[in-house]
Each structure stands twice: as structure tokens, then as C-alpha cells.
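K.L.:
Dropping the structure in here first, questions after.
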Amino acid sequence: MKVYHQTGHRYNWNIDSFQQHVGDGLIFSPINFDADKLVQLDSSLKTSGFLDPQLYLLNEAKGTLDTYPYFPGNLKPDFTTPDLDESHIELAKLCVDFQISNNFEYIVIPIRYYPDNPSNFLVQCTEYFVTPFCDYIKSKRSNKKVLLTVIVKSIMLADLDKRNEMLNWITGHLGIDGVYLIFENNFTSKQIKDFDYLLNALNFIKSLKDNQLEVHIGYCNTEAVLYSVAMPDSVTIGSYENLRSFGIKRFQDLENSPMRPPNARLYSSKLFQWVDYVYIQAMEQLVSNYADYFDDSEYKPLMFKPEFKWHFAKPEPYKHYFYVFDKQLKDFPNGQVERISTIKTSIANAVQLFNEIQNDVFLDNDSNGSHLPTWHNVLNAFQKNL
């Protein structure tokens, strides 16, 4: 299983880490990466990754998206959905040509985003995106594998009929080799603790794999550990939370408004958790072996110096996470049964470690292990139906 960097703001952190052999490739973000800069980027960084075209909102020119030739607003000002009737073929050509000319590992077919999908959503996706893209790719005689972007909303996981409708639609296309799969995440907690959501997500991934499709899951947080047991082809690592949880606001050109900056957090593979730095400071005072709860990396010695100033915009916690999480995922056994068993054992160990910490330091629900019992139960339920 590969691990891709989900790039965004401060994408240079991802590139730096990838060049240090952390992760297997980069997923490029047009709203953050100017097209001309991407064209000039070293080819070795592009051939091992792919582009997310980010046509989720047709008329939103967020960031540098309008520097890309296929941006709909460059075809027609104030581009709207009805304009796809006349422009969908041209849009497909421009988007595919850009991906082929940059020699990405895959060609990705974009998809439109709606807050609530209309009844003809899948028909629209086929007519405006899948068919013209597949037809044009075939005419180019490209040997690149093709991924279809798929956004799965919570209702599609919760409702069996909707889930089956989406699976049937995906598997009914002969021109694709796999999916760039994105689970929309509307949870307020840092970690997903919904049993049904996680179990249905695993079964969704499994169904796609059972149909011989490649599955590349974008916007993953630590639940990538769970997703890995459904044997996808890749998961992702990202720096800021909006790169580890898909939300459409990231692609909307909203007016800037005052925002309270988040506290810096540090990931621990031993705990399967991002821990708020204020608790790390408390642990330093109250837990004699506090540093042992956190993985070693080249960044750890600096972060654990008394003079280190924790801040959410510093690169060290994120580069530490890239290294640690990539290693954690790849250390799991390749076999599915063995992987599940190993992760369950690791979760049990993490629960014990949290019990030890909370003898001295009380942690809130976004830094403790409250997600781990659900995770363990999800693994048991998934394994039962294999």
C-alpha cells in the first residue's frame, strides 16, 4: 500500500519530506500550486504522483485554480452547470492534455460537488465528465491508468440503497482503472468515532477492490489505519486538518474572517492520536517518561527542548507526522488477517498507555483515546464478515 502526500498550503513541507523518502508520491492541489510552477517542477516529483483537478465548484476561482487551462472560467466567464452542455468536451481535452503533458502517474477524472446531490447527479457525472474524459483519453492512446474522482457523502454510507447505487455506478464504467476516493467528513471531533460510518466505509472500499478497481483514498487522518485493512492501493498524509478531512469550504473563495488559530498538536503512533501540546507540557511536569509516548524522528529532539515554541504553523510537528505515520502504515503486515490482528493489538496497547497517562494528566476528548474502543469494534465487525 502506498502513502501519498495530500498537498495544500505549505506544500513545500510535503516536497521536502518526499525528497527524504517519506511517502510514495504527491497529490497536487491546483488552488495552492500555480500551473506554471507545476509545469516547471522537476519531473521526478510528478511521475510518482497525480493531480487532483479540483473542479468541485465550477465557478469558484479559489487560489491559483484559474491559472490552469481547464478551469471553466477560462472557457467562459461566469461558467455555470448549463454551460457544460457545450463545453464538456473541450474541458475534458484541456484537463487530460495538461495531465498527460506533465506525465503524472495517473490521469484523474474530476467530479462536480453539490451540497445535496440532485436526483440526476450520477447521470450528469457520466455525461459531463466520465464519458468525455474516457473518450478523449482513448483517442490519445495514453497508457496511463485512469482514476475517477468519487466523493462519498455520509448518507451514501448510511443508506444501503444509495451506497449500492453509487457502487453500481462506479463499477459500471469500463474506461477507468480505479477511483480517487474521498469520504466527506462532517464530524466535529478530531477523530472519527462513528461505528457505522467507519464500518460502512471499510465495506465500501472492499466492494471496490472486489471489483478489481484500484482505490486511492484522499484526505485521510489517522483513520487511514482502519482503511488500510480493506486493502486499498493508497492512503494519504496531510499537514493541516483541512488536508486530513474533506470539506468543500477549502475550495470556496470566502471572504477572510478572523479565525482563532488552532493549538499545535503532535502525532503519536503509539497512541494513534494527535496530542495537544498543552498536555505534552503537562506530561513533561507530571509523567517521568513522557517522551517515551512519542516516536523518535529527526524532529523530536528539537520539539522536546524547553525553548521550543509550539505553534500550529511550524513545520516540525507535521514533518514528524509524515515520517512517523508513513512508517507506521508500512510496518503493518501485508496480509489482511495479520494486519487486522496487529492493529487490534496496537490499539489495546494504546488504550493501556492512555490509562497510564491519565493517572497524572487529564486529557480532553480530542487528545485522549476515546476513539479507540470504536475502532477496535469496527475491526472486529469487519473481520467477522470477511
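Residue numbers (my numbering): 1346 to 1731.
For each residue, glycine too, the CB sits at the ideal point set by N, CA and C.
1. Provide the residue span of the beta strand (DSSP E) that contains TYR1612, from first to last.
2. Going by Cα to Cα distance, which pick from TYR1349, ILE1688, ARG1589 is closest to LYS1535?
3. Would you mind stating whether ALA1546 and TYR1585 have Cβ atoms separated by less than 8 Å?
4. Would you identify the three-state DSSP class for VAL1453, choosing helix, strand or coil?
5. Per DSSP, which residues does THR1581 bridge with? Please list them.
6. Please confirm whether VAL1497 and ILE1521 have their CB atoms less than 8 Å apart.
7. Does DSSP classify HIS1366 as helix, strand or coil?
8. Count the other CB atoms, across all protein chains shown, that sit within 10 Å of the CB of LYS1664; report buried if there are 16 or more and exposed otherwise.
9. When you compare only the Cα positions, how much space is there between ASN1419 and PRO1375?
10. Quick test of your reading: TRP1732 and LEU1467, contact by CB under 8 Å. State the CB separation rounded to the nearest angstrom.
11. Could I get the ranges of all uninterrupted alpha helix (DSSP H) runs contained in the region 1359 to 1446, with 4 residues as the minimum, in chain order?
12. To the nearest angstrom, how far is it from the Cα of PRO1646 to the Cα of ASP1640?
13. Roughly how many whole angstroms lie between the Cα atoms of TYR1413 and LYS1382?
14. Which two residues bound the contiguous beta strand (DSSP E) that contains TRP1619?
15. Between the region 1628 to 1642 and the region 1694 to 1710, can you find at least three pairs of beta-carbon atoms closer than 8 Å?
16. Should VAL1620 be labelled buried (16 or more other beta-carbon atoms within 10 Å of its own) or exposed?
17. I need the DSSP call for GLY1525, collapsed to helix, strand or coil.
18. Just mark ARG1595 as buried or exposed, buried being the case when its beta carbon has 16 or more other beta carbons within 10 Å.
19. Could you check what DSSP says for THR1494 in three-state terms: helix, strand or coil?
20. Is the distance from the Cβ of TYR1349 to the Cβ of SER1614 below 8 Å?
21. To which residues of the same chain is ASN1531 closer than 7 Å at the C-beta, ignoring the five residues directly before and after it?
22. Distance check for GLN1728 and GLU1472, CA to CA, integer angstroms please.
23. Please tell me whether GLN1536 has its Cβ less than 8 Å away from any Cβ of chain C.
24. Taking the alpha-carbon of GLY1394 as reference, which of PHE1363, PRO1417, ALA1380, LEU1724 has the nearest alpha-carbon?
25. Provide the residue span of the beta strand (DSSP E) that contains HIS1561, from first to last.
26. Below 8 Å between beta carbons: does that hold for VAL1570 and TYR1525?
27. Please state if the CB of VAL1669 and the CB of TYR1612 are separated by a distance shorter than 8 Å.
28. Taking the alpha carbon of THR1426 as the reference point, which residue from ASP1387, PHE1474, ASP1379, LYS1407 has its own alpha carbon closest?
29. Just to confirm, are PHE1617 and ILE1692 a CB contact at a threshold of 8 Å?
30. For the alpha helix (DSSP H) that TYR1572 lies in, which residues bound it at each end?
31. Please tell me whether GLU1568 and ILE1527 are closer than 8 Å, where the distance is taken between their beta carbons.
32. Which residue comes first and which comes last in the alpha helix (DSSP H) that contains TRP1514?
33. Spell out the partners DSSP gives PHE1738 in its beta bridges.
34. Can you name the residues that DSSP bridges to PHE1596?
P.N.:
Based on what the coordinates show:
1. For the purposes of this step, residue 1612 is identified with residue 267 of the sequence shown, where counting begins at 1. Per DSSP, TYR1612 belongs to the beta strand (DSSP E) from 1610 to 1613.
2. If you number the sequence shown from 1, residue 1535 lands on position 190. Selected option, being the one with the closest Cα: ARG1589.
3. Looking up residue 1546 in the sequence shown gives position 201. Looking up residue 1585 in the sequence shown gives position 240. In this structure, TYR1585 does not lie closer than 8 Å to ALA1546 by Cβ.
4. Numbered from its first residue, the sequence shown carries residue 1453 at position 108. Note: VAL1453 maps to strand in three-state DSSP.
5. Within the sequence shown, residue 1581 is the residue found at index 236, counting from 1. The partner list for THR1581 (beta bridge, DSSP) reads TYR1349.
6. Along the sequence shown, read from residue 1 onward, the residue named residue 1497 stands at position 152. Along the sequence shown, read from residue 1 onward, the residue named residue 1521 stands at position 176. For VAL1497 and ILE1521, no; Cβs fall outside 8 Å.
7. The count along the sequence shown starts at 1 and reaches residue 1366 at position 21. Of the three classes helix, strand and coil, the one that applies to HIS1366 here is coil, per DSSP.
8. By one-based count along the sequence shown, residue 1664 stands at place 319. Classification of LYS1664: buried, given that the 10 Å Cβ count is 16 or more.
9. Taking the sequence shown and counting its residues from 1, the one referred to as residue 1419 is at position 74. Taking the sequence shown and counting its residues from 1, the one referred to as residue 1375 is at position 30. The alpha-carbon atoms of ASN1419 and PRO1375 are separated by roughly 14 Å.
10. The question about residue 1732 has no answer here: the residues shown for the chain are numbered 1346 through 1731.
11. 1380 to 1385, 1388 to 1391, 1417 to 1420, 1429 to 1446
12. Walking along the sequence shown from the start, residue 1646 turns up at place 301. Walking along the sequence shown from the start, residue 1640 turns up at place 295. Cα-Cα distance, rounded: 11 Å.
13. Taking the first residue of the sequence shown as 1, we reach residue 1413 at position 68. Taking the first residue of the sequence shown as 1, we reach residue 1382 at position 37. Their Cα atoms are separated by approximately 11 Å.
14. Counting from one through the sequence shown, the residue named residue 1619 turns up at place 274. TRP1619 -> beta strand (DSSP E) spans 1618 to 1621.
15. yes
16. Numbered from its first residue, the sequence shown carries residue 1620 at position 275. Per the 10 Å Cβ criterion, buried.
17. For the purposes of this step, residue 1525 is identified with residue 180 of the sequence shown, where counting begins at 1. Per the sequence shown, the amino acid found at residue 1525 is Tyr instead of Gly. Reduced to three states, the DSSP call for TYR1525 is strand.
18. As a working mapping, residue 1595 is identified with position 250 in the sequence shown. Result: buried.
19. Counting from one through the sequence shown, the residue named residue 1494 turns up at place 149. The answer is strand: DSSP assigns THR1494 an E or B state.
20. By 1-based counting over the sequence shown, the position of residue 1349 is 4. By 1-based counting over the sequence shown, the position of residue 1614 is 269. Cβ distance not < 8 Å, so TYR1349 and SER1614 don't count as in contact.
21. Mapped onto the sequence shown, residue 1531 falls at position 186. Excluding residues within five positions, the ones whose Cβ falls inside 7 Å are SER1499.
22. Here the question's residue 1472 lines up with position 127 in the sequence shown. Here the question's residue 1728 lines up with position 383 in the sequence shown. Those two C-alpha atoms are separated by around 38 Å.
23. The structure shown contains no chain C, having only a single protein chain.
24. The count along the sequence shown starts at 1 and reaches residue 1394 at position 49. Out of PHE1363, PRO1417, ALA1380, LEU1724, PHE1363 has the C-alpha closest to the C-alpha of GLY1394.
25. Start at 1 with the first residue of the sequence shown, and residue 1561 comes out as number 216. Taken as a continuous stretch (DSSP letters only), the beta strand (DSSP E) holding HIS1561 covers 1559 to 1563.
26. For the purposes of this step, residue 1570 is identified with residue 225 of the sequence shown, where counting begins at 1. For the purposes of this step, residue 1525 is identified with residue 180 of the sequence shown, where counting begins at 1. Cβ distance not < 8 Å, so VAL1570 and TYR1525 don't count as in contact.
27. The residue given as residue 1612 occupies position 267 in the sequence shown. The residue given as residue 1669 occupies position 324 in the sequence shown. For TYR1612 and VAL1669, yes; Cβs fall inside 8 Å.
28. Walking along the sequence shown from the start, residue 1426 turns up at place 81. Minimum Cα distance to THR1426 is reached at PHE1474.
29. Your numbering for residue 1617 matches position 272 in the sequence shown. Your numbering for residue 1692 matches position 347 in the sequence shown. Yes. Within cutoff.
30. The sequence position of residue 1572 within the sequence shown is 227, counting from 1. 1569 to 1572 is the extent of the alpha helix (DSSP H) around TYR1572.
31. Position 223 of the sequence shown holds residue 1568. Position 182 of the sequence shown holds residue 1527. Cβ distance not < 8 Å, so GLU1568 and ILE1527 don't count as in contact.
32. As a position in the sequence shown, residue 1514 is number 169, starting the count at 1. Start and end: 1505 to 1516.
33. One cannot answer for residue 1738 here, as it falls past the ends of the chain, which runs 1346 to 1731.
34. Walking along the sequence shown from the start, residue 1596 turns up at place 251. DSSP lists no partner for PHE1596.
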